[in-house]
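**Q** Under my numbering, the sequence shown has 372 at position 209, and the numbering climbs by one with no breaks.
Ideal placement from N, C-alpha and C gives every residue a C-beta, glycine not left out.
Nothing here was measured: the structure is a model prediction, and the numbers come from that model.
A single structure is presented below for examination.
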Amino acid sequence: MQVIEIPETALTVKPNYTERPDLTVVAEIKAHIKQTGAPHLWPGHTHTKPPRGAIVRYLGEFDLPPSHAGPRNRERWAPCPCCKPYTPWYYKDGRIAWFPEERVIRNMGGDCFKSINASGHAEAERLFREEEAERRNEAYLLRCLPQVPEALAAIEQNAPIISEIDRVRFILSDRMTRTIGFDLWAHLRSDGILRYEVTRTERRVDRSGSESTATVYDLERYGPLAGFEMLKPNVVPIAERVERFASRLRTLNFGEGSADAIARMDREERTRAAKNVGTIPDINELISEAETVRQMLSPLALGSLNGWSRTPGAPAKIYISLSDDTTQLFLGNTKEDVRTVRINIAFFNNMRRMPAISKLTRQVE
Numbered sequence: 164m165q166v167i168e169i170p171e172t173a174l175t176v177k178p179n180y181t182e183r184p185d186l187t188v189v190a191e192i193k194a195h196i197k198q199t200g201a202p203h204l205w206p207g208h209t210h211t212k213p214p215r216g217a218i219v220r221y222l223g224e225f226d227l228p229p230s231h232a233g234p235r236n237r238e239r240w241a242p243c244p245c246c247k248p249y250t251p252w253y254y255k256d257g258r259i260a261w262f263p264e265e266r267v268i269r270n271m272g273g274d275c276f277k278s279i280n281a282s283g284h285a286e287a288e289r290l291f292r293e294e295e296a297e298r299r300n301e302a303y304l305l306r307c308l309p310q311v312p313e314a315l316a317a318i319e320q321n322a323p324i325i326s327e328i329d330r331v332r333f334i335l336s337d338r339m340t341r342t343i344g345f346d347l348w349a350h351l352r353s354d355g356i357l358r359y360e361v362t363r364t365e366r367r368v369d370r371s372g373s374e375s376t377a378t379v380y381d382l383e384r385y386g387p388l389a390g391f392e393m394l395k396p397n398v399v400p401i402a403e404r405v406e407r408f409a410s411r412l413r414t415l416n417f418g419e420g421s422a423d424a425i426a427r428m429d430r431e432e433r434t435r436a437a438k439n440v441g442t443i444p445d446i447n448e449l450i451s452e453a454e455t456v457r458q459m460l461s462p463l464a465l466g467s468l469n470g471w472s473r474t475p476g477a478p479a480k481i482y483i484s485l486s487d488d489t490t491q492l493f494l495g496n497t498k499e500d501v502r503t504v505r506i507n508i509a510f511f512n513n514m515r516r517m518p519a520i521s522k523l524t525r526q527v528e
């Protein structure tokens, strides 16, 4: 096994950290590791074994740079002052550790302190994860809370459009089967593809060599129907689902005072606020659902339905069209036998997208 030469400067105890080091020190250590791949050579590191039963607090975690990572770079891995002080031992999941009783910092392997003080290691890990989560929540809120007013404005603007889409969806999902005498949703539900029946004659030869013919019935693909989800029955209205999220966002509408509001929150309040502001992407998904659903009344979809209906072997006869001013939908088996559905012009209005933010993740920046 390769032996790493540890300089005397690293082995010297550096009791310089009476108070818990702040994030500036952590950032300095991470920058050194990223540049050199040698956590044991950071000038403030103490490369001695911690005493048994020592108290530790984890300040950060790190991986060695790609040039030092993986089995092929084993000789470039870092030594650990806890267990392998002179040989390559780890390249990922390292810990920046502060020992308050000794007032020193050690950069070491992620689980290495466990053999010295298992309960102390577990407690340090628990506290570190809580602190990291709180930092992520705070950073996420500082980035995203200022966008809440814009999100609420978009919800308000979209509300009448989505409500009208919900209304038309309810009518068509309820009325389509009775009007045309065919369960179009059952036909489409698996993949949204319109199909028609075809027959063909197949020549068959049995084991004795005798020939015969057989008529085979099959389904041919006509094409997809955009917005076929409009026909799905018993769907919770999109507007109702949006409102559930919107009610959470309204509690976070601090306007220009969002930074002060975050500073006043305790840990639980920040966690809850981060989850609530993280619903903005969910609302965008609901807006996308509404956009998708209303495609069924697009010229392309209406043309597909009428064309499919006229195809020999189609399982249903349907006539569907919009009036020239798009305020009425005509639906029936033929043009001469239709029912009318009123369409509010809001159905076709452009919807406003929510602010582009990501959901809170566990990734440490």
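#1: In terms of residue numbering, what span does the alpha helix (DSSP H) encompassing I143 cover?
#2: Please report the residue range of the alpha helix (DSSP H) in which L382 lies.
#3: For P178, which residues of its own chain have a beta-carbon under 7 angstroms away from its beta-carbon, when the five flanking residues on both sides are left out?
#4: Ordered along the chain, which non-local residues of its own chain (more than five positions away) have a Cβ less than 8 angstroms from that of P242?
#5: Hey, how far is the Cα of H208 from the Cα of R269?
#6: Helix, strand or coil: which one does DSSP assign to D226?
#7: For my contact list, I343 and N496 are in at a C-beta cut-off of 8 angstroms; report their separation, rounded to the angstrom.
#8: Nearest by alpha-carbon distance to G273: which of S472, Y221, I324 is it?
#9: Hey, is D500 close to the ligand GDP, as in C-beta under 7 angstroms from one of its heavy atoms?
#10: Which one or two residues does DSSP pair with T364 in a beta bridge?
#11: Name, in chain order, the residues that DSSP records as bridge partners for N399.
#12: Take V311 and list the residues in its own chain whose beta-carbon comes closer than 6 angstroms to its own, dropping the five residues that flank it on each side.
#13: Does DSSP classify A285 as helix, strand or coil?
#14: Would you kindly work out how many angstroms separate the C-alpha atoms of E171 and R427, rounded to a whole number?
#15: Would you mind sorting E365 into buried or exposed? The rule is 16 or more other CB atoms within 10 Å of its CB.
#16: On the three-state DSSP scale, how would you describe T497?
#17: Starting from W261, trace the alpha helix (DSSP H) in both directions and tell me its first and last residue.
#18: For A316, count the other beta carbons within 10 Å of its own beta carbon; 16 or more makes it buried, fewer makes it exposed. Which is it?
#19: Taking the alpha-carbon of R430 as reference, which of C246, N280, A201, E294 has the nearest alpha-carbon?
#20: Let me check one thing: in DSSP terms, what residues is I356 bridge-paired to?
#21: Can you tell me where the alpha helix (DSSP H) holding M514 begins and where it ends?
#22: Going by Cα to Cα distance, which pick from A285, G223, F262 is closest to D256?
#23: For the alpha helix (DSSP H) that R215 lies in, which residues bound it at each end?
#24: For H195, which residues in the same chain have their Cβ closer than 6 angstroms to its Cβ, ignoring the five residues on either side in sequence?
#25: To which residues of the same chain is P323 closer than 6 angstroms at the C-beta, ignoring the five residues directly before and after it?
#26: Drop a sphere of 10 angstroms on the beta-carbon of K137, count the other beta-carbons inside from all chains shown, and report buried for 16 or more, exposed for fewer.
#27: When you compare the CB positions of L463 and S484, do they come within less than 8 angstroms of one another, or not?
#28: Can you name the start and end residues of the beta strand (DSSP E) that V267 belongs to?
#29: With respect to the alpha helix (DSSP H) encompassing E171, which residues constitute its N-terminal and C-terminal limits?
#30: Counting pairs of Cβ atoms below 8 angstroms between the segment 327 to 339 and the segment 392 to 402, do you hit three or more?
**A** With the structure as the only source:
#1: Nothing about residue 143 can be read from this structure; the chain reaches only from 164 to 528.
#2: Here the question's residue 382 lines up with position 219 in the sequence shown. Careful: L382 lies outside any alpha helix (DSSP H), inside the beta strand (DSSP E) at 374 to 387.
#3: One-based indexing of the sequence shown puts residue 178 at position 15. Exclusion of the five residues before and after P178 leaves E265, R266, V267 as the residues of its chain whose Cβ lies within less than 7 angstroms of its Cβ.
#4: Translated into positions along the sequence shown, residue 242 becomes position 79. Here P242 has I167, I169, H203, H210, P248, Y249, T250, P251, W252 as same chain residues with Cβ atoms under 8 angstroms from its own Cβ, once five neighbours each way along the sequence are excluded.
#5: Position 45 of the sequence shown, counting from 1, holds the residue named residue 208. Position 106 of the sequence shown, counting from 1, holds the residue named residue 269. As the crow flies, the alpha-carbon of H208 is around 5 angstroms from that of R269.
#6: Taking the sequence shown and counting its residues from 1, one reaches residue 226 at position 63. In this structure, DSSP gives D226 a state outside helix and strand, which the three-state scheme calls coil.
#7: In the sequence shown, residue 343 corresponds to position 180, counting from 1. In the sequence shown, residue 496 corresponds to position 333, counting from 1. I343 to N496, Cβ: 6 angstroms. Contact.
#8: Locating residue 273 in the sequence shown gives position 110, counting from the first residue. When each option's Cα is compared against that of G273, the closest is Y221.
#9: Inclusion of the ligand GDP in the displayed structure is not the case, the ligand content being empty and no account of it being possible.
#10: In the sequence shown, the residue the question calls residue 364 occupies position 201. DSSP output for T364 lists T378 as bridge partner(s).
#11: Here residue 399 corresponds to residue number 236 of the sequence shown, with the count starting at 1. Before going further, note that residue 399 is Val rather than Asn in the sequence given. Beta-bridge pairing links V399 to no other residue.
#12: Counting from one through the sequence shown, the residue named residue 311 turns up at place 148. These residues qualify, in order along the chain: L412, L415, N416.
#13: What you label residue 285 is simply residue 122 of the sequence shown in a count that begins at 1. Residue state, collapsed to three classes: helix.
#14: By one-based count along the sequence shown, residue 171 stands at place 8. By one-based count along the sequence shown, residue 427 stands at place 264. Approximately 47 angstroms, taken between the alpha carbons.
#15: Locating residue 365 in the sequence shown gives position 202, where the first residue counts as 1. It counts as exposed.
#16: Within the sequence shown, numbered from 1, the residue matching residue 497 stands at position 334. In the structure shown, T497 sits in a strand (DSSP, three-state: E or B).
#17: Here the question's residue 261 lines up with position 98 in the sequence shown. Note, W261: premise wrong, no alpha helix (DSSP H); beta strand (DSSP E) at 257 to 262.
#18: Counting from 1 along the sequence shown, the entry for residue 316 is found at position 153. With fewer than 16 Cβ atoms within 10 Å of its Cβ, A316 is classed as exposed.
#19: Here residue 430 refers to the residue found at position 267 of the sequence shown. Closest option to R430, Cα to Cα, is E294.
#20: For the purposes of this step, residue 356 is identified with residue 193 of the sequence shown, where counting begins at 1. I356 is bridged to P387.
#21: Taking the sequence shown and counting its residues from 1, one reaches residue 514 at position 351. Under the DSSP assignment, M514 falls outside any alpha helix (DSSP H); it carries neither an H nor an E label.
#22: Taking the sequence shown and counting its residues from 1, the one referred to as residue 256 is at position 93. Checking every option, the nearest Cα to that of D256 belongs to G223.
#23: Taking the first residue of the sequence shown as position 1, residue 215 is located at position 52. Note, R215: premise wrong, no alpha helix (DSSP H); not H, not E.
#24: The sequence position of residue 195 within the sequence shown is 32, counting from 1. The residues are W205.
#25: In the sequence shown, counting from the first residue as 1, residue 323 sits at position 160. For P323, where only same-chain residues beyond five positions count, the Cβ hits under 6 angstroms are A509.
#26: Limits of the chain in this structure are 164 at one end and 528 at the other, which puts residue 137 out of reach.
#27: To locate residue 463, count along the sequence shown from 1; it is residue 300. To locate residue 484, count along the sequence shown from 1; it is residue 321. With respect to the 8 angstroms criterion, L463 and S484 are not classified as neighbours on the basis of their beta carbons.
#28: Residue mapping note: residue 267 aligns to position 104 of the sequence shown, counting from 1. DSSP places V267 inside the beta strand (DSSP E), whose first and last residues are 267 to 271.
#29: Your numbering for residue 171 matches position 8 in the sequence shown. E171 -> alpha helix (DSSP H) spans 171 to 174.
#30: Touching, yes.
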